[in-house]
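S.K.: Please see the structure below; I have some questions.
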Amino acid sequence: MRFPSQAAKKTQLEAACQHTYDVVIVGAGVAGAIIGNELSRAGKRVLMVEAGLGEDITVKGYEEYLQRFYATAVKDNQSPYPVNPNAPMPRGTTVRPVAPGQPETSGYIVQTGPFISDTTYTRVLGGTSMHWEAKTPRMLPEDFEMASRFGRAADWPISYDELEPFYRQAEREIGVSADVEDQRYLDLRFPDDYVFPMRGLPLSYLDRMVDKGIRGTEVEIDGERYPLKVRPYPQGRNGIPNSEYDGGKGYVPVGAVSTHQVEEGERCQGNNNCVPICPVQAKYHAGKTLAKALQTERLELLTQAVASKVHVDPETGRVSHIEVKYYEDPDEPHFVTGNIRGQLFVLSAGAIETARLLLASNLPSTSGLVGRNLMDHAYLLNWALLPEVAGTMRGTNATGGIVDLRGGSFRRSQAAFSVDIHNDGWGWAVGSPYTDLLNLVDDHNQFGAQLRRDLAQRISSQLLLAFMVEVLPNPSNRVTVDPAYTDALGNMRPVVSFSVPDYTMRGVAYARRFAQTVFQRLGARDYTFYDPTDYGYIHYEGDGYIIRGGNHLAGTHIMGTDKHTSVVNSDQRSWDHQNLYLVGGGSMPSIGTANVTLTLSALCFKTAQAMLEELR
Amino acid sequence: MRHHAIDVFLRFSAEVTGFKIVELRGTGESGEYLGTLDRIVGPDVVDELLSAYAELQPREEAEREQLLRRQIFGNEKLGPIARNIIKLWYVGIWYQLPRNWRERWGVREADVTFTVSPNAYTEGLLWPAIGANPAGARAPGYGSWALPPEIPQV
Chain A
160 MRFPSQAAKK
170 TQLEAACQHT
180 YDVVIVGAGV
190 AGAIIGNELS
200 RAGKRVLMVE
210 AGLGEDITVK
220 GYEEYLQRFY
230 ATAVKDNQSP
240 YPVNPNAPMP
250 RGTTVRPVAP
260 GQPETSGYIV
270 QTGPFISDTT
280 YTRVLGGTSM
290 HWEAKTPRML
300 PEDFEMASRF
310 GRAADWPISY
320 DELEPFYRQA
330 EREIGVSADV
340 EDQRYLDLRF
350 PDDYVFPMRG
360 LPLSYLDRMV
370 DKGIRGTEVE
380 IDGERYPLKV
390 RPYPQGRNGI
400 PNSEYDGGKG
410 YVPVGAVSTH
420 QVEEGERCQG
430 NNNCVPICPV
440 QAKYHAGKTL
450 AKALQTERLE
460 LLTQAVASKV
470 HVDPETGRVS
480 HIEVKYYEDP
490 DEPHFVTGNI
500 RGQLFVLSAG
510 AIETARLLLA
520 SNLPSTSGLV
530 GRNLMDHAYL
540 LNWALLPEVA
550 GTMRGTNATG
560 GIVDLRGGSF
570 RRSQAAFSVD
580 IHNDGWGWAV
590 GSPYTDLLNL
600 VDDHNQFGAQ
610 LRRDLAQRIS
620 SQLLLAFMVE
630 VLPNPSNRVT
640 VDPAYTDALG
650 NMRPVVSFSV
660 PDYTMRGVAY
670 ARRFAQTVFQ
680 RLGARDYTFY
690 DPTDYGYIHY
700 EGDGYIIRGG
710 NHLAGTHIMG
720 TDKHTSVVNS
730 DQRSWDHQNL
740 YLVGGGSMPS
750 IGTANVTLTL
760 SALCFKTAQA
770 MLEELR
Chain B
9 MRHHAIDVFL
19 RFSAEVTGFK
29 IVELRGTGES
39 GEYLGTLDRI
49 VGPDVVDELL
59 SAYAELQPRE
69 EAEREQLLRR
79 QIFGNEKLGP
89 IARNIIKLWY
99 VGIWYQLPRN
109 WRERWGVREA
119 DVTFTVSPNA
129 YTEGLLWPAI
139 GANPAGARAP
149 GYGSWALPPE
159 IPQV
């Protein structure tokens, strides 16, 4: 995807402050990019404000991310991206257990517990879509009706069928690879003639081994039987275009973006590195949508500008301008302030940053729910060795999983989950393959040919089942701000309080038993161990578990049908401020067992339509 | 350039990694790794290790393994360095020496855990040893993950 080089030239603060834009968007992640692209293509003048550096606007910048990733000894989610004290981000490697009565302040997010999460989001151009894994399941129809079907949480103000056309738009934009026949389960409905833009990615050899071991077996919950199999995940990465797409028009995948011609990223090559960075841009990231918007030359990009305060006209309740702090050098706290004006404003900085900005702006909220109902999937990891070599550490990060327990009547009493089979082995759980090498060399005293044989045996038969367990909204799980905790520019840092609800823990406890059952059926040796000193350790009904953050942040400005029980309406428009849209995962009133990006993207297409109506 | 040292270093490395000298040379990292050792623990300690290795006479495999364990891997000073050489070749990372080594033979300023260079990561021997590519580089191609792995027999 090429865009004109003059469009890549970043807007200067002074110039930006002299205009009144049709739309001002804060945050250049996937949500902001979709809205920016839709509006600029419809002829509107858009300014995109981004806190991060925006290094990846050209292939050269993207390559710097990759080199930084290669050169670091600890390859966590954020390892390719520059450390930036002026727009800091949470990092899994900095999380520590909380001491009683003391907040955990060593990372960017101040955590008051009781649960301490290692969840992350990325503050660079493209946002967290730079490091996302790019699994794109839709939410189930029943996920939109949690209250009426299961007596839990609230129903969404829109149904699956109302969101369905927007799901298709999101699948086009992201470029989803999947076969529709694999995705019709648990009442997931598609138009009869629908196909995904690209054919599904093949299951890994590892997936097939697991499938062979469990297919035809069942589990029983509350008297209902659930048959097991491994099913491919829909993926936001390029595969083989489906010639039947769009009534036979087909689909052209979007490869790497740059100001000059590059032939790269048109198909996944199996780098097995979706997280933290796809080296060839076969994986979708928001830069691809931004590049389309830049082609219109009606979208301007103001990077290194941290939105610091939303100003509201006290008479009308409308947003008048957004104050930004613009810095030249990420390592220097020096900044200048500017006021950005527009007709409509969009906050798309992610569930935590959007809430943080609203709270730091001290804006009144009728519902009092800004920052509340924070959600993130609770991940439970289970790891084992298969009886034979399975070729682990090859492929894209996750191609298949067990999704039959995403829905069912048991959701009245316990959380649903979906299970990913990790093609990258035990990495997430224990740091494989590095820890395997250290263990074999330092503890097992192996070298030479025996070391090679042991490494191959140990690593290539690894199986990691990652359970993504549903978390429901709870008003006391929340983001706040506190002037005692600020970043280098003096912006207040987010303060998070979170406890994992019992409903989720019942699902977690069942997930552990389910993993043990699957390992039994596979003849796999279970190595799962939950260390009681770990920051994510939770005791529940006599057993201990480690819960990991899912980076699926949601719920801090939930949508609903009235201003007393929700923050935005189903168009993601603020109830309190007529020209302000709060978009992204934060608007979701529940998250089911779907990775949030596809659903929040679909919501943004709906919002773009509403904004165009408003500007007409 | 320490030509003689490189030769012994490569012979030692081949024996302890289980890879052939030509494969080690093919990574392009031998000079960089020997240089890393010289820089961190000093050429005198490196030469001590290489001389100890050079003194091992050619013998039957089982006997050689025992000698390597007694003279090098089981040597209090040289063992941790020998193990670090294996790790360098496998993943391109220098791991900080154990605390008791530092306390006995002195703290080295450059002795922290780090990846030697971007290339050292992508040239790691771990990946071919397990029939995979280094995550994020040398991609095997679309759909290759669906086939059984090809792990070289040794």
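Top line first, the protein sequences correspond to chains A and B. Here our numbering is used: the first residue of the first sequence is 160, the next is one more, and so on. Here our numbering is used: the first residue of the second sequence is 9, the next is one more, and so on. Using N, Cα and C, we set each Cβ at its ideal position, and we do this for glycine too.
How long is the line joining the alpha carbons of residue 750/A and residue 656/A, rounded to whole angstroms?
M.R.: 19 Å
S.K.: Identify whether residue 458/A lies in helix, strand or coil by the three-state DSSP scheme.
M.R.: strand
S.K.: So which residues of chain A does residue 157/B contact, with C-beta pairs closer than 8 Å?
M.R.: 364, 548, 549, 550, 553, 619
S.K.: Let me make sure I understand the geometry here. Which of 190/A, 383/A, 232/A has the alpha-carbon closest to that of residue 508/A?
M.R.: When the alpha-carbon of residue 508/A is set against those of 190/A, 383/A, 232/A, the nearest one is in 190/A.
S.K.: List the whole-angstrom C-beta distance separating residue 369/A from residue 673/A, where the pair is believed to meet the contact cut-off of C-beta under 8 Å.
M.R.: Going by Cβ atoms, the distance from residue 369/A to residue 673/A rounds to 13 Å, so no, they are not a contact pair.
S.K.: Examine the Cβ distances between the region 345-356 of chain A and the region 534-544 of chain A and report whether three or more of them are shorter than 8 Å.
M.R.: The region 345-356 of chain A vs the region 534-544 of chain A: no contact.
S.K.: According to the Cβ coordinates, are residue 26/B and residue 615/A closer than 8 Å?
M.R.: no
S.K.: Does the beta-carbon of residue 155/B have 16 or more other beta-carbons within 10 angstroms, so that it is buried, or is it exposed?
M.R.: exposed
S.K.: Quick check: what's the CA-CA separation for residue 55/B versus residue 598/A?
M.R.: 27 Å
S.K.: With 16 other CB atoms within 10 Å as the buried threshold, where does residue 463/A fall?
M.R.: buried
S.K.: How many angstroms separate the CA atom of residue 770/A from the CA atom of residue 505/A?
M.R.: Cα to Cα, the separation comes out at about 10 Å.
S.K.: If you measure from the beta carbon of residue 735/A to each beta carbon in chain B, is any gap under 8 Å?
M.R.: no
S.K.: Do residue 373/A and residue 665/A have their C-beta atoms closer together than 8 Å?
M.R.: no
S.K.: With H, G and I counted as helix, E and B as strand and the rest as coil, what does DSSP make of residue 447/A?
M.R.: The answer is helix: DSSP assigns residue 447/A an H, G or I state.
S.K.: Are any of the Cβ atoms in chain B nearer than 8 Å to that of residue 428/A?
M.R.: yes
S.K.: Determine the DSSP secondary structure at residue 537/A, reduced to helix, strand or coil.
M.R.: strand
S.K.: Considering only residues of the same chain and omitting the five flanking positions on each side of residue 313/A, which have a CB-CB separation below 6 Å?
M.R.: 306, 748
S.K.: Between the C-alpha atoms of residue 753/A and residue 267/A, what's the straight-line distance to the nearest angstrom?
M.R.: Rounded to the nearest angstrom, the two C-alpha atoms are 27 Å apart.
S.K.: Nearest by alpha-carbon distance to residue 341/A: which of 279/A, 362/A, 329/A is it?
M.R.: 362/A
S.K.: Determine contact between the region 140-150 of chain B and the region 551-561 of chain A, defined as no fewer than three beta-carbon pairs at a distance below 8 Å.
M.R.: A contact exists between the region 140-150 of chain B and the region 551-561 of chain A.
S.K.: How is the beta strand (DSSP E) around residue 480/A delimited, first residue to last?
M.R.: 478-485
S.K.: Check whether chain B comes within 8 Å of residue 750/A, counting only Cβ atoms and requiring the distance to be less than that.
M.R.: no
S.K.: How is the beta strand (DSSP E) around residue 755/A delimited, first residue to last?
M.R.: Where residue 755/A is concerned, there is no enclosing beta strand (DSSP E), although the alpha helix (DSSP H) it sits in stretches over 755-774.
S.K.: Can you check whether the CB of residue 98/B is closer than 8 Å to the CB of residue 596/A?
M.R.: yes
S.K.: Can you check whether the C-beta of residue 108/B is within less than 8 Å of a C-beta belonging to chain A?
M.R.: no
S.K.: Would you list, in sequence order, the uninterrupted alpha helix (DSSP H) runs of no fewer than 4 residues that lie entirely inside the region 308-394 of chain A?
M.R.: 319-333, 339-342, 364-373
S.K.: According to DSSP, is residue 749/A helix, strand or coil?
M.R.: coil
S.K.: Find the residues of chain B that neighbour residue 543/A, judging by a C-beta separation of less than 9 Å, and give them in chain order.
M.R.: Under the 9 Å cutoff, chain B gives no residues; its nearest Cβ is about 18 Å from residue 543/A.
S.K.: Based on the DSSP secondary-structure assignment, which residues constitute the bridge partners of residue 160/A?
M.R.: Residue 160/A is not bridged to any residue.
S.K.: Identify every run of the alpha helix (DSSP H) within the region 545-623 of chain A, keeping only runs that are complete inside it and at least 4 residues long; order them along the chain.
M.R.: 586-589, 593-597, 607-619
S.K.: Anything in the region 219-235 of chain A with a Cβ closer than 9 Å to a Cβ of chain B? List those residues in chain order, please.
M.R.: Listed by position, the residues of the region 219-235 of chain A near chain B (Cβ gap below 9 Å) are 225, 226, 227, 228, 229, 230, 231, 232, 233, 234.
S.K.: Let me know the alpha helix (DSSP H) ranges lying completely inside the region 164-205 of chain A, each 4 residues or longer, listed in chain order.
M.R.: 164-167, 172-176, 189-200
S.K.: Taking the alpha-carbon positions, what's the residue 331/A to residue 761/A distance?
M.R.: 10 Å
S.K.: Does the Cβ of residue 513/A have 16 or more other Cβ atoms within 10 Å, making it buried, or fewer, making it exposed?
M.R.: buried
S.K.: I want to verify the contact list: residues of chain A whose CB lies under 7 Å from the CB of residue 154/B, in sequence order.
M.R.: 361, 362, 363, 364
S.K.: Compute the beta-carbon to beta-carbon distance between residue 397/A and residue 426/A, rounded to the nearest angstrom, for a pair I have assumed lies under 8 Å.
M.R.: 5 Å
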